Amino acid sequence: MNNAVAGFSKLSKKEKINWIAKEYFSTPEEALTIIRNYWNSDEKLQQLHDEFIENTITNLYIPLGVAPNFLINGNYKTIPMAIEESSVVAAASKAAKFWSTRGGFKTTIINTEKIGQVHFNFNGDAEKLQSFFQEIKPKFFTETQSITKNMQERGGGILDIQLKDKRNLLENYFQLHAAFETKDSMGANFINSCLEQFASTLKEQFEDSHLFSPDDKLEVIMSILSNYVPHCLVRAEVSCPIEDLQEKHIPNPQKFAERFVQAVQIAEIEPFRAVTHNKGIMNGVDAVVLATGNDFRAIEAGVHAYASKNGQYASLSHAKIENGIFTFWLEIPLALGTVGGLTSLHPLVKLCLEILQKPSATELMEITAVAGLAQNFAALRSLTTTGIQEGHMKMHLNNIINQFEATEEERHLIKTHFKKTTVTHSAVVEFIENLRK
Ligand code: MEV
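In our numbering, each number is its position in the sequence shown, counted from 1, plus 22.
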């Protein structure tokens with residue numbers, strides 16, 4: 023079957039949906055019903071969502087949950103989390119509660135610098151290019167003044183611009199490497215606008231310069247921010263005397279702390295484990311990033327690049343036992359914003375930011391890092407004690423029950439039975455089938 027279509031983006035929403043339903047479904051009406059069921063009944067709200075992207079046909083819901091009782095630097099926070107994985111919010115809440123009676127989470131902003139680059143080719147004398155750059159450097163600042171004015175009033179702007187010679191990696195390749203402070207905005211538009219102006223300034227000044235010979239050519243390849251932000255870092259930490267770790271599931275806190283520290287050490291030296299370990303951290307991080315309308319792909323790319331900064335992919339978190347004190351911490355780059363973008367457009371994002379008491383970008387970095395650390399703690403605690411399947415399968419039970427569209431009575435019987443019996447997918451399915459015989 024040839025499913026190609028010309029001029030799709032010019033079709034109306036109704037025409038697009040009809041085309042999808044007819045083209046891909048043997049029962050188009052059923053497909054149309056599903057698509058329409060997920061439309062918002064408030065037409066204005068639906069239109070808002072339609073216009074976020076192109077060719078919108080409907081909305082894909084992801085649950086928005088909250089994890090309360092996060093004691094962060096002495097203040098309690100309830101953290102909104104948008105995530106589809108069943109055990110994540112429960113694990114976050116459990117970890118929050120556990121640490122709330124053991125001093126809570128402590129955070130530090132290490133720095134908040136963002137990076138953007140103009141990538142260009144130059145075939146002439148690099149020393150001449152360097153003196154040309156030094157001569158015209160002030161122009162990069164003056165010619166971006168209309169873009170930077172508001173940001174400067176908020177305490178941000180362009181921090182520095184450097185010329186980098188990268189010819190050892192690629193023939194004729196140079197960069198303008200610029201650092202920015204974007205305060206409460208993520209700053210992508212601001213940075214990209216500055217960079218495009220830098221590129222124009224560079225080209226114009228080069229053409230007007232008498233320093234170069236007619237054979238010298240400068241060609242801008244592209245101008246774009248970097249999602250690698252190793253100097254936009256936050257640290258989150260928990261610590262307590264080892265004996266304070268004791269609770270129902272941790273009868274021997276010394277043994278627990280030692281196993282926990284070793285589990286982290288494994289992730290520090292073994293990439294196969296490190297990836298899964300960090301995935302657990304990102305369960306918490308992404309859920310907050312998504313709930314607060316930030317770009318989770320940018321965060322993911324930046325965080326994983328940071329995890330490889332020493333040449334091998336490694337754990338983002340660390341743990342130690344020193345003088346009878348257990349300490350567990352992580353340090354991650356998080357370029358987040360609390361103004362601009364979706365934060366002012368999406369009603370639920372606004373609501374989430376209200377739940378977080380309208381945080382600044384740095385406060386959101388702290389909260390997000392804490393969610394990551396809490397998630398990592400919960401995962402390692404399960405992995406080094408009971409294993410994770412027990413908790414996961416309990417949450418999975420709900421999904422299976424929903425999948426089978428169980429009645430209230432069936433739901434009660436299933437839940438009662440599996441309180442005492444191990445949950446496996448096949449055991450639940452068999453139990454439901456027996457009930458229905
Ligand atoms: C599952 O989403 C996350 C874990 O695999 C993380 C980990 O192994 O540390 C439980």
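Backbone N, C-alpha and C define an ideal beta-carbon position, used for all residues, glycine too.
Fair warning: this is a prediction, and the values are worked out from it, not measured in the lab.
Item: What residue range is occupied by the uninterrupted beta strand (DSSP E) comprising Glu203?; Value: Tyr195 to Glu203
Item: For Phe196 and Lys205, which I take to be in contact (beta-carbon distance under 8 angstroms), what is that distance rounded to the nearest angstrom?; Value: Wrong, their Cβ atoms sit about 30 angstroms apart, outside the cutoff.
Item: Rounded to whole angstroms, what's the CA-CA distance from Trp41 to His253? Just pull it up for me.; Value: 48 angstroms
Item: Less than 8 angstroms separating the beta-carbons of Gly138 and Ile213?; Value: yes
Item: Looking at the structure shown, is Ser115 part of a helix, part of a strand, or coil, going by DSSP?; Value: helix
Item: Which of the three DSSP states is assigned to Cys262 in this structure?; Value: strand
Item: Are the CB atoms of Asn145 and Lys239 within a distance shorter than 8 angstroms?; Value: yes
Item: What does the alpha-carbon distance come out to for the pair Leu358 and Lys442?; Value: 44 angstroms
Item: Using three-state DSSP, classify Ala26 as helix, strand or coil.; Value: coil
Item: Going by DSSP, name the residue or residues bridged to Leu86.; Value: Ala104
Item: Looking at Val451 and Ile436, is the spacing between their C-beta atoms short of 8 angstroms?; Value: no
Item: Is the distance from the Cβ of Ile257 to the Cβ of Ile389 below 8 angstroms?; Value: First, the amino acid is wrong: residue 257 is Arg here, not Ile. No, they are not a contact pair.
Item: Leaving out five residues on either side along the sequence, give the residues of the same chain with a beta carbon under 6 angstroms from the beta carbon of Tyr250.; Value: Gly324 and Ala327
Item: Give me the Cβ distance between Asn421 and Ser108, rounded to the nearest whole Å; I'm assuming they're in contact under 8 angstroms.; Value: 6 angstroms
Item: At a threshold of 7 angstroms, does Ile288 count as lining the ligand MEV (C-beta to nearest heavy atom)?; Value: no
Item: Please name the residue in Ser337, Leu364, Gly413 and Thr429 whose C-alpha comes closest to that of Gly394.; Value: Ser337
Item: Alpha carbon to alpha carbon, how far is Met387 from Glu353? Give it in angstroms, no decimals.; Value: 11 angstroms
Item: Report back the beta-carbon spacing between Ala210 and Asp182 to the nearest angstrom; my notes put them in contact at under 8 angstroms.; Value: Not a contact, Cβ separation roughly 19 angstroms.
Item: Per DSSP, Tyr98 forms a beta bridge with which residues?; Value: Leu93
Item: Please classify Gln152 as buried or exposed, where buried requires at least 16 neighbouring CB atoms within 10 angstroms.; Value: exposed
Item: Checking 8 angstroms against the spacing of the C-beta atoms, do Val10 and Ala341 come in under that value?; Value: Nothing in the structure corresponds to residue 10, since the chain is present only between 23 and 459.
Item: Within a Cβ cutoff of 6 angstroms, which residues of the same chain sit near Ile272, ignoring the five residues on either side of it in sequence?; Value: Phe278
Item: Count the other CB atoms, across all protein chains shown, that sit within 10 Å of the CB of Ser34; report buried if there are 16 or more and exposed otherwise.; Value: exposed
Item: In chain order, which beta strand (DSSP E) runs of at least 3 residues are fully inside the stretch 310 to 381?; Value: 339 to 344 and 347 to 355
Item: Under 7 angstroms: does the beta carbon of Thr298 sit that close to some heavy atom of the ligand MEV?; Value: yes
Item: Starting from Lys128 and walking both ways along the beta strand (DSSP E), at which residues does that stretch end?; Value: Lys128 to Ile131
Item: Quick one: is the Cβ of Leu405 within less than 7 angstroms of any heavy atom of the ligand MEV?; Value: yes
Item: Apart from the five residues just before and just after Gly346, which ones in its own chain have a Cβ nearer than 7 angstroms to its Cβ?; Value: Pro263 and Ile264
Item: For the stretch 404 to 444, which segments carrying the alpha helix (DSSP H) assignment without a break, of at least 4 residues, lie completely within its bounds, in sequence order?; Value: 411 to 425 and 430 to 442
Item: If I measure Cβ to Cβ from Ile348 and keep anything under 7 angstroms in the same chain, skipping five residues before and after, which residues do I get?; Value: The question names Ile, yet the displayed sequence has Phe at residue 348. Result list for Phe348: Ser261, Cys262, Ile264, Leu267 and Ala279, in chain order.
Item: Using only the alpha-carbon positions, how far apart do Leu419 and Ser31 sit?; Value: 41 angstroms
Item: Classify Leu402: buried if its beta carbon has 16 or more other beta carbons within 10 angstroms, exposed otherwise.; Value: buried
Item: Along the beta strand (DSSP E) that carries Asp182, what are the first and last residues, could you check?; Value: Gly179 to Asp187
Item: Whole-angstrom Cβ separation of Phe228 and Val140, contact assumed at under 8 angstroms?; Value: Wrong, their Cβ atoms sit about 12 angstroms apart, outside the cutoff.
Item: Using a 10 Å radius around the Cβ and a threshold of 16 neighbouring Cβ atoms, would you call Lys136 buried or exposed?; Value: buried
Item: Three-state secondary structure (DSSP) at Arg58?; Value: helix
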